[in-house]
Structures are given as C-alpha cells and as structure tokens.
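A.B. asks:
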Amino acid sequence: MPRYVLALAGAITIAYGSWIHVKAQLAQVLLRVAWERTLRGEPDARPWPWADTRPVARMKIERTRSDFIVLEGANGRALAFAPGHLEHSAGPGERGNCVISAHRDTHFSALRELRDGDVIRIQRSDGCWFTYRIQSQRVIDQRDTWITRNTRDATLTLITCYPFDAIVPGGSQRYTWSASVLGG
Amino acid sequence: MRAARFITTAVFCAAFAVAVTAQNAEVESVSIDDMQFPGLLVKTTQPGRFMDAPSVRTEISVQVRGILARALVRQRFENASDHCVEAIYVFPLPDDATVDEMRMKIGPRTITGEIQERAEASRTYEAAKSEGRRASLLEQHRPNLFTVSVASIGSRESVDIEIEYQQTITFDRRFSLRIPLAVAPRYTPSGADASLPPMRREPRHPKRNPVALEIDLDSGIPLSTIASPTHELQQVPLSATRTKLTPRDVEIASDRDFELVWTPRLGAMPQSASFSEIAGEHAYTLVMLFPPDLAAKPAAVLPRNTTFIIDTSGSMGGPSIEQAKQALLTALKRLHSSDRFNVIAFSDTAQTLFGEGRRADPDVVEDALRWVGNLESNGGTEMMSALQLALAESNHSGEVRQVVFITDGQVGNESQIFQAIRDHLGNARIFTIGIGAAPNSFFMRNAARAGRGTFTHIGDIGEVESKMTELFHKLESPVLTGLTVDVEGKAEMWPESVPDLYAGEPVVIALRTPAATTLRGRIANQTFTATPQSSEAGIAKIWARRKIDALRDSVFTGADAENVRKEIVALGLAHHLVTEHTSLVAVDTTPSGIDPRSCNPELVPINLPAGWGGLEQSALPQTATPATLWILIGLTLLLVSLLLSPLPAARGEG
Numbered sequence: 016m017p018r019y020v021l022a023l024a025g026a027i028t029i030a031y032g033s034w035i036h037v038k039a040q041l042a043q044v045l046l047r048v049a050w051e052r053t054l055r056g057e058p059d060a061r062p063w064p065w066a067d068t069r070p071v072a073r074m075k076i077e078r079t080r081s082d083f084i085v086l087e088g089a090n091g092r093a094l095a096f097a098p099g100h101l102e103h104s105a106g107p108g109e110r111g112n113c114v115i116s117a118h119r120d121t122h123f124s125a126l127r128e129l130r131d132g133d134v135i136r137i138q139r140s141d142g143c144w145f146t147y148r149i150q151s152q153r154v155i156d157q158r159d160t161w162i163t164r165n166t167r168d169a170t171l172t173l174i175t176c177y178p179f180d181a182i183v184p185g186g187s188q189r190y191t192w193s194a195s196v197l198g199g
Numbered sequence: 024m025r026a027a028r029f030i031t032t033a034v035f036c037a038a039f040a041v042a043v044t045a046q047n048a049e050v051e052s053v054s055i056d057d058m059q060f061p062g063l064l065v066k067t068t069q070p071g072r073f074m075d076a077p078s079v080r081t082e083i084s085v086q087v088r089g090i091l092a093r094a095l096v097r098q099r100f101e102n103a104s105d106h107c108v109e110a111i112y113v114f115p116l117p118d119d120a121t122v123d124e125m126r127m128k129i130g131p132r133t134i135t136g137e138i139q140e141r142a143e144a145s146r147t148y149e150a151a152k153s154e155g156r157r158a159s160l161l162e163q164h165r166p167n168l169f170t171v172s173v174a175s176i177g178s179r180e181s182v183d184i185e186i187e188y189q190q191t192i193t194f195d196r197r198f199s200l201r202i203p204l205a206v207a208p209r210y211t212p213s214g215a216d217a218s219l220p221p222m223r224r225e226p227r228h229p230k231r232n233p234v235a236l237e238i239d240l241d242s243g244i245p246l247s248t249i250a251s252p253t254h255e256l257q258q259v260p261l262s263a264t265r266t267k268l269t270p271r272d273v274e275i276a277s278d279r280d281f282e283l284v285w286t287p288r289l290g291a292m293p294q295s296a297s298f299s300e301i302a303g304e305h306a307y308t309l310v311m312l313f314p315p316d317l318a319a320k321p322a323a324v325l326p327r328n329t330t331f332i333i334d335t336s337g338s339m340g341g342p343s344i345e346q347a348k349q350a351l352l353t354a355l356k357r358l359h360s361s362d363r364f365n366v367i368a369f370s371d372t373a374q375t376l377f378g379e380g381r382r383a384d385p386d387v388v389e390d391a392l393r394w395v396g397n398l399e400s401n402g403g404t405e406m407m408s409a410l411q412l413a414l415a416e417s418n419h420s421g422e423v424r425q426v427v428f429i430t431d432g433q434v435g436n437e438s439q440i441f442q443a444i445r446d447h448l449g450n451a452r453i454f455t456i457g458i459g460a461a462p463n464s465f466f467m468r469n470a471a472r473a474g475r476g477t478f479t480h481i482g483d484i485g486e487v488e489s490k491m492t493e494l495f496h497k498l499e500s501p502v503l504t505g506l507t508v509d510v511e512g513k514a515e516m517w518p519e520s521v522p523d524l525y526a527g528e529p530v531v532i533a534l535r536t537p538a539a540t541t542l543r544g545r546i547a548n549q550t551f552t553a554t555p556q557s558s559e560a561g562i563a564k565i566w567a568r569r570k571i572d573a574l575r576d577s578v579f580t581g582a583d584a585e586n587v588r589k590e591i592v593a594l595g596l597a598h599h600l601v602t603e604h605t606s607l608v609a610v611d612t613t614p615s616g617i618d619p620r621s622c623n624p625e626l627v628p629i630n631l632p633a634g635w636g637g638l639e640q641s642a643l644p645q646t647a648t649p650a651t652l653w654i655l656i657g658l659t660l661l662l663v664s665l666l667l668s669p670l671p672a673a674r675g676e677g
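So the sequence lines, in the order shown, correspond to chains D and V.
Per the numbering used here, the very first residue in the first sequence carries number 16; after that it's consecutive.
Per the numbering used here, the very first residue in the second sequence carries number 24; after that it's consecutive.
1) Would you please state the rounded distance, in angstroms, between the beta carbons of R93/V and E187/V? I believe it to be under 8 Å.
2) What are the partner residues of C622/V, as DSSP defines its beta bridges?
3) Using the beta-carbon of each residue, which ones in chain V are nearer than 8 Å to F123/D?
4) Please decide whether S360/V counts as near chain D, where near means a Cβ-Cβ distance under 9 Å.
5) Count the other CB atoms, across all protein chains shown, that sit within 10 Å of the CB of A150/V; report buried if there are 16 or more and exposed otherwise.
6) With three or more beta-carbon pairs closer than 8 Å as the criterion, would you say the stretch 302 to 313 of chain V touches the stretch 437 to 453 of chain V?
7) If I measure Cβ to Cβ from K564/V and keep anything under 7 Å in the same chain, skipping five residues before and after, which residues do I get?
8) Could you compute how far the alpha carbon of K23/V sits from the alpha carbon of A647/V?
9) Inspect the CB distances between the stretch 175 to 184 of chain V and the stretch 192 to 202 of chain V and report whether three or more fall short of 8 Å.
10) Quick check: what's the CA-CA separation for R382/V versus Q425/V?
11) Under a three-way DSSP split, which group does P58/D fall into?
12) Determine the closest residue to M407/V out of L268/V, V366/V, I444/V, I458/V, with distance taken between C-alpha atoms.
13) Who are H118/D's beta bridge partners in DSSP?
14) Reducing DSSP to helix, strand and coil, say where I135/D ends up.
15) So for K12/V, helix, strand or coil by DSSP?
16) Whole angstroms are fine: how far does the CA of P326/V sit from the CA of H254/V?
17) Can the beta-carbon of L126/D be found less than 9 Å from the beta-carbon of L173/D?
18) Any C-beta of chain D within less than 8 Å: which residues of the stretch 79 to 103 of chain V qualify?
19) Give me the Cβ distance between F114/V and F169/V, rounded to the nearest whole Å; I'm assuming they're in contact under 8 Å.
20) How is W566/V classed by DSSP in three states: helix, strand or coil?
21) State the Cα-Cα distance for the pair A350/V and V531/V, rounded to the nearest angstrom.
22) Quick one: what does DSSP say V183/D is sitting in, helix, strand or coil?
23) Near D82/D, which residues of its chain fall below 6 Å by C-beta distance, leaving aside the five closest residues on each side in sequence?
24) Using a Cβ cut-off of 7 Å, pull out every chain D residue sitting near I656/V, in sequence order please.
25) So which of L660/V, R157/V, L236/V, R126/V has the shortest CA-CA distance to R80/V?
26) Going by DSSP, what residues sit across from Q680/V in a beta bridge?
27) Which value, in whole angstroms, describes the spacing of the CA atoms of Y177/D and R620/V?
28) Tell me whether T659/V sits in a helix, a strand or coil according to DSSP, three-state version.
29) Locate the alpha helix (DSSP H) running through L498/V, then write down its first and last residues.
30) Count the other CB atoms, across all protein chains shown, that sit within 10 Å of the CB of C143/D; report buried if there are 16 or more and exposed otherwise.
31) Could you check the C-alpha separation between Y19/D and V85/D for me, to the nearest Å?
32) Should A142/V be labelled buried (16 or more other beta-carbon atoms within 10 Å of its own) or exposed?
33) Which residues in chain D have a C-beta closer than 8 Å to the C-beta of L661/V? List them in chain order.
34) Exposed or buried, what is V366/V when buried is set at 16 or more other beta-carbons lying within 10 Å of its beta-carbon?
35) Between G595/V and chain D, is there a C-beta pair that is closer than 9 Å?
36) Here's a check: name, in chain order, each residue in its chain whose Cβ is nearer than 7 Å to the Cβ of P260/V, leaving out the five neighbours to either side.
Here you go:
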C-alpha cells in the first residue's frame with residue numbers, strides 16, 4: 016500500500032515541478048496579446064484582470080531565437096511568468112541602465128548560450144526597436160547591487176541566478192551580461 | 024526486507040531535506056560573520072573568499088543660533104579590505120538643508136570642494152578616478168537624500184569627508200531640530216522616477232556606520248525645557264540661554280532619526296521676529312510671524328467633513344501600522360457628532376469604509392473603529408488612487424473639508440502626487456501625519472504644502488496621543504488666511520504668497536532687498552522693522568534655498584523645466600550650494616599611485632530603519648525556480664515506489 020502513496024506523491028511532485036515550466040511558457044502567450052494592446056496605445060494593458068504588473072517591453076535574443084515579453088517588476092510573482100524589468104531602472108533605449116532579470120531555469124536559461132558580440136533587440140511600448148550588443152559577462156554576489164547603477168549611455172544588464180545547474184534555488188551568486196545600445 | 028526499503032526511502036528524503044537546509048545555512052552564516060567583525064564581510068565572485076565592504080563613521084556637530092542651525096558632518100570612509108575601492112554612500116540630510124561646503128582630508132592635506140554644474144562635476148570626478156587620483160563627489164538626489172562617492176581609497180586606508188550644511192529650525196508650539204540618520208526604502212509604482220540612487224541594505228546592525236553627535240544650542244531666549252523624544256540626552260549648561268547637548272551613548276546607531284525639541288519660557292515669545300544679513304549689494308531678511316495666543320478659544324466651531332487616509336502597504340509593517348492605527352483611532356474618537364467623516368485604506372488598491380462621508384454618530388464611529396482595528400499591512404503603495412478618492416468626496420455647503428493622511432511616505436513618484444494634489448485640491452486642506460522612525464518628510468511636508476495644510480511627525484507609539492491632540496487642536500482652530508506682506512521699497516520674497524496661519528505654527532518668509540536700507544513692513548497687523556547687519560551669516564543661503572524650492576514647485580504648475588534648471592544652476596553657483604543640478608567635487612592633485620583598474624565600486628551598506636522588518640532590498644532579484652528540485656524529488660519517490668513493489672518469489676517467502 017505505501018508504494019501507491021509514494022507513487023502518487025511522486026507524480027504530484029513531478030506535476031508541480033513541471034507546472035512551473037508550463038506556466039512560464041503559457042503566460043507568454045497571454046502576454047503577447049497584452050503586448051499587442053500596449054502597442055496599440057492602451058496605457059495599462061494588464062495580461063489578465065487580476066495581474067499586478069504590465070508588459071513593458073518585448074525582447075529577442077537572436078542566437079537562441081528567444082522571444083519574450085518583459086513585465087514590470089523583478090519580484091517573484093512577475094518572474095514566474097516572464098523576465099522582469101527592475102523598478103527604478105531605465106527603460107529600454109533610454110539613457111541609463113535598463114536591468115532585466117529572469118529565472119535561470121526558465122526564460123533566462125538562454126543567457127548560458129550567449130557569446131560576446133551577440134545581438135539583443137528590445138521593443139519599447141511605442142513600437143520602437145533598440146539593438147544592443149553584448150559586451151561583458153560577470154558572476155557576482157546577489158548583494159552587488161552596483162551592477163544596477165545608472166550609466167551615462169543607454170546600457171542593458173541581464174541578470175539570472177548562477178550556477179545554471181544548481182538543483183536547489185536560493186543561491187547567492189548571479190550571472191550577468193552587460194550590453195550597450197547600437198541604435199534604434 | 025520491506026523495512027530496509029523504507030529506511031532507504033527515509034534516507035533519500037532526509038538527504039534532500041539536508042541539502043535544502045545546508046543551502047539556507049550557508050546564506051545564514053554570512054550574516055552571522057557580519058556580526059563578529061567591526062567591518063562587514065561580503066562574498067566575492069570566488070566561492071569561499073570574502074572581502075570587507077567599506078564602512079562610514081560619522082561625527083555631526085550642530086550649532087543652533089536662534090532659528091538657524093549650522094552643521095558640520097565628518098564622514099570617515101574606511102576601507103579594511105586588501106584592495107582599492109570606490110565607496111558610494113547614500114545618506115539623508117534634513118529636507119531644508121542647504122549644503123554649501125565639502126572638504127576631503129587625506130592625511131595632513133585638505134582639498135576644498137568646488138561647486139560645478141552636476142554633469143560637469145560628474146565628469147571632473149570620473150576623469151580623476153580614471154587617472155587613479157583621489158576624488159570625492161557630493162550629489163543631491165532628493166532635497167533630503169544625498170550620495171558621496173569617494174574614488175581610489177587604497178587598501179586599509181581611510182579618507183575623511185567634511186560636509187557643512189545649514190537649516191532653519193521649525194517651530195510648532197515648540198522648536199524642533201530633526202537630524203535624519205536612517206534612509207528608508209522607497210516604493211515606486213511602475214513607470215515612475217528612476218532618479219533614486221541604488222542602495223544596498225543589510226540587516227540592522229548597531230555597530231554599522233555609527234554616528235557621534237554634539238549640539239551647541241543657543242536659543243537667544245531663556246528656555247523652559249530641552250528634550251529629545253528619540254534619544255537619551257546629556258546636558259551641560261554653558262550660559263543662561265546656551266546648552267551643550269550630546270546623546271548619552273557616545274555612538275548612536277544610524278537606524279533612527281534624532282530629534283531635539285525645546286520650548287521658550289512663557290511670555291518670552293515675540294509676535295514677530297526677524298533676522299538679517301548683508302551679502303554683496305543685497306540685504307537678506309528672514310521674518311517669522313508667530314500665531315496669536317494659543318489659549319484663545321475659537322469663537323464658533325464650523326462643521327467639518329474629514330477623510331482619513333491610512334497607508335496599509337508593506338513598508339508600514341511592524342510597529343508602524345500599529346502607530347498609524349492608534350493615531351487614526353485617536354482621531355476618530357475626537358470627532359464631533361456634527362462632523363462627517365470617511366476612512367480610506369490603501370496598499371495595492373484603495374478601499375473606502377463608506378460610499379460617502381457619514382455623520383459621526385456613536386454607532387457609526389463604533390463601526391469605523393472596528394474596521395480600522397482589523398486593518399493589516401501588506402502590498403504596494405498605490406497612493407494616487409487613495410488621494411483621488413479622497414479629493415473626489417462630495418462636500419456639503421458650509422463644511423470645512425479636511426483630508427488627514429497617515430503614511431510613512433515611502434513613495435518614489437512624489438512629483439506625480441504633488442501634481443494630483445494641486446489639480447484636485449479644490450477647497451480641501453491636506454494634513455499629513457508621518458509615521459515611523461524615518462518617514463520621507465520631504466514628501467510629507469510638500470504634500471501638506473501643496474494641500475495647504477500642515478505636517479505632523481509621530482516617531483513613537485508613545486507620542487501618538489499628544490501629537491494627535493495637538494493636530495486636532497489645530498484642525499479645530501480658526502485659520503488666518505489671505506495674509507499679505509507689505510514692504511517699503513523693492514523686495515523679492517520667497518514664497519511669493521504668504522501661506523495660511525494655523526494655531527501653533529509660524530509663517531516664515533525670506534526677503535531680499537537692496538543693502539543699507541532699513542526694512543519696514545506689515546504682516547497681519549504686525550509691523551516689523553529690521554536693520555540688516557552682517558552678523559547673521561547664512562540668511563542669504565536660506566533665501567536662495569527658498570527660491571530654489573519655489574522654482575522647483577513652479578515646474579508642476581507649468582513653468583518651463585529647462586529655464587527652471589538654468590535658474591537653479593545659477594543660484595547654486597552664485598550661493599555655493601548643492602542642488603539637484605549642482606554638485607560639489609574635490610580632486611586631489613597629488614597622484615595616489617593607485618591603479619584605477621584595480622578599484623571596484625562598492626555601495627556602503629546601510630542600516631534598515633528601526634521597526635522595518637522582512638524587507639530584503641539589499642539583493643539582486645532571486646532568479647531560480649524550485650522546478651528541478653520538485654521534479655527530482657518526484658522522480659526519487661517514483662523510483663522508490665518501484666523498488667518497493669515486491670518480487671513474486673519474495674512474496675512467497677514472506
């Protein structure tokens with residue numbers, strides 16, 4: 016008898032773990048719709064009625080053919096669905112430092128594949144696209160918040176957890192890429 | 024056999040549990056180490072290696088002369104690590120502080136800072152940094168929030184930065200000097216201001232960035248009491264009107280603000296007072312009008328319609344929400360039955376108690392008390408919708424419309440909120456009540472000013488009763504409005520229109536007139552004369568600061584931002600002041616011999632204010648899901664259940 020209980024518990028746990036990945040993918044579909052509404056000029060297009068955030072950018076990583084809608088806020092609730100734009104940080108294409116972070120095992124598993132010189136394209140809510148070229152990669156501590164400091168030119172900072180293969184979440188290291196704008 | 028498999032399962036699960044706790048324990052152990060060393064240990068990119076974050080030791084000495092205070096702040100930047108750093112320190116100053124001096128001390132040498140336009144100062148600093156020179160830069164981010172950056176601090180070196188500022192003492196029944204020591208985290212709704220500096224938060228630690236404080240108070244008039252509601256004091260009388268004050272502890276923690284209050288002896292209070300200074304071809308005069316006799320009772324009580332707004336956002340967690348609720352409950356109990364009232368609570372959204380203001384009958388108040396008692400803090404600070412709801416409240420004729428706003432003011436989109444207040448105020452008055460150890464008093468004071476009301480700070484639950492009683496006395500008191508100032512001759516005055524006079528709070532105006540004329544004027548039937556002398560140094564700077572405040576406000580009412588910026592730059596350069604568009608920069612011309620490429624920028628970790636809990640603002644976002652962990656645990660459980668299924672032969676034997 017205990018083995019059925021164990022098997023059931025195992026199945027539920029696997030389903031729960033898989034749901035995290037499914038949710039991250041499914042949400043992007045809904046977010047794409049909300050992004051289209053944003054591009055048409057709707058000021059506060061929420062992807063679902065009870066959402067406490069809104070899409071602020073669309074982001075394409077050419078090497079991995081990734082295409083994400085980015086949500087405002089880098090809190091756990093937003094990151095479950097999409098990469099999050101750090102509050103207080105500059106907007107895409109703006110002078111200053113635009114900081115985007117996402118989970119290392121869902122959306123930003125793509126960061127692992129990036130190489131120096133790769134191109135990232137970001138669309139702002141007014142439809143303008145900006146091209147960034149990847150420049151430098153670092154591994155830092157989670158308390159090294161200086162990485163989010165404003166810069167004089169338009170830069171982009173991508174942040175995810177490190178190491179990529181860690182099983183247990185909550186580690187203190189972060190994997191970051193910095194990129195600078197090439198033009199609109 | 025079966026038992027053995029169960030044991031295997033148990034061991035598996037236990038191993039996972041251990042793996043999880045081990046991870047947590049590792050994170051935990053860093054903060055335990057923090058407590059054991061005077062500096063602060065921070066992990067580096069190499070696992071197992073630690074380095075000391077720079078720390079700042081502060082000494083503040085304040086001289087109070089009448090209503091002017093001049094402060095010298097000495098910050099010692101200590102780099103205990105074995106490599107060179109650039110230290111960046113975020114620190115608060117009073118809202119109306121006018122910063123005019125910065126000096127950098129390296130060993131026996133002193134380098135005096137000069138005022139430059141902000142972008143230029145930043146370029147000067149960056150250039151020096153890239154050459155490996157020692158340099159410091161003082162920038163203003165909000166009227167009450169500054170950063171000092173110090174470049175090229177070598178291993179185990181320290182650099183002293185001295186900053187001087189002045190401020191006017193506020194008077195609200197008693198004189199009060201508040202020295203902010205803690206910077207509270209701020210909530211910015213999506214899309215708002217990105218001009219706040221990044222901050223690195225650490226759990227509170229009394230030994231981090233300690234402050235030594237000394238105040239030399241000469242009030243000019245005999246005093247009846249001197250006290251601090253925030254810290255225990257040691258007093259040494261120097262003369263009849265002069266006292267030296269220090270906190271009982273030599274070093275105090277930078278996790279709560281310091282406040283000093285003093286009251287003049289009865290009858291010593293003039294109805295109006297003025298202080299003057301001659302600087303160049305101008306005379307600068309500060310005129311204070313004190314309210315009429317406080318004991319006078321209002322002739323008739325007008326019915327009021329009061330909306331209370333209470334902030335129940337996450338930043339109010341802990342003692343703050345209890346103070347706020349206590350303040351609100353005290354206020355509700357003081358309502359007259361002829362008054363109407365409503366309560367709005369907000370965090371992510373705003374909710375109102377009643378559809379519209381209800382008469383304060385005992386059973387209605389009883390309902391309100393219960394509703395307020397059940398409020399809990401949680402979520403964001405979407406202040407705007409709460410304000411709009413309050414200002415949209417309909418008004419009956421003959422009613423005095425008041426909005427009492429209880430919050431810690433930790434928002435980043437201040438300017439949008441000021442604008443909303445100006446647009447929708449109508450006949451209403453907004454009174455702000457600041458809660459907690461470090462409320463954003465720049466926001467509160469200006470929200471109250473835009474709302475033509477006043478600001479009250481409640482720092483401790485023990486002050487709720489007395490401060491709310493004072494505020495209510497004020498709300499119920501008659502108000503002198505439509506004041507004007509007449510001055511003989513040509514004068515430039517800030518603020519341009521005289522604010523309303525409330526019981527218990529004086530009106531202060533700053534005037535610039537041609538030098539060598541005696542100033543004669545009238546304000547609310549009080550005549551005043553002032554013969555400018557050069558003794559009161561600093562009035563010119565106060566005048567400039569008030570003009571800067573007025574200019575900054577004028578942007579919200581449609582003035583051209585670029586013109587305002589230019590005027591502020593001109594005032595900053597002329598009066599040697601740090602403003603949002605001018606910074607102080609000091610560069611050491613002696614080479615330091617430091618390789619600039621070996622220097623990392625480091626934010627000096629700062630304390631969370633006392634009473635703040637559970638907010639982790641210090642770290643980059645947490646960016647890993649437990650998906651893999653769950654899936655692995657699930658697979659393990661499945662595997663074990665398969666192993667558990669007994670072989671037919673085994674069943675036969677069993």
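Idealized CB from N, CA, C, for every residue including glycine.
Since this is a predicted model, take the numbers as computed values, not measurements.
C.D. replies: Taking the geometry as given:
1) 7 Å
2) DSSP output for C622/V lists no bridge partner at all.
3) T646
4) no
5) exposed
6) no
7) T121, D123, Q189, H598, L600
8) The shown model of chain V, from 24 to 677, leaves out residue 23/V, and the question about it has no answer.
9) no
10) 15 Å
11) coil
12) I444/V
13) According to DSSP, which records beta bridges pairwise, H118/D is partnered with nothing at all.
14) strand
15) For chain V, the structure presents residues 24 to 677; residue 12/V sits outside this window and is missing.
16) 40 Å
17) yes
18) none
19) 6 Å
20) helix
21) 28 Å
22) coil
23) K75
24) T28
25) L236/V
26) It is not possible to answer for residue 680/V, since the shown part of chain V is limited to 24 through 677.
27) 25 Å
28) helix
29) 487 to 499
30) exposed
31) 42 Å
32) exposed
33) L21, A22, G25, A26, I29
34) buried
35) no
36) T266
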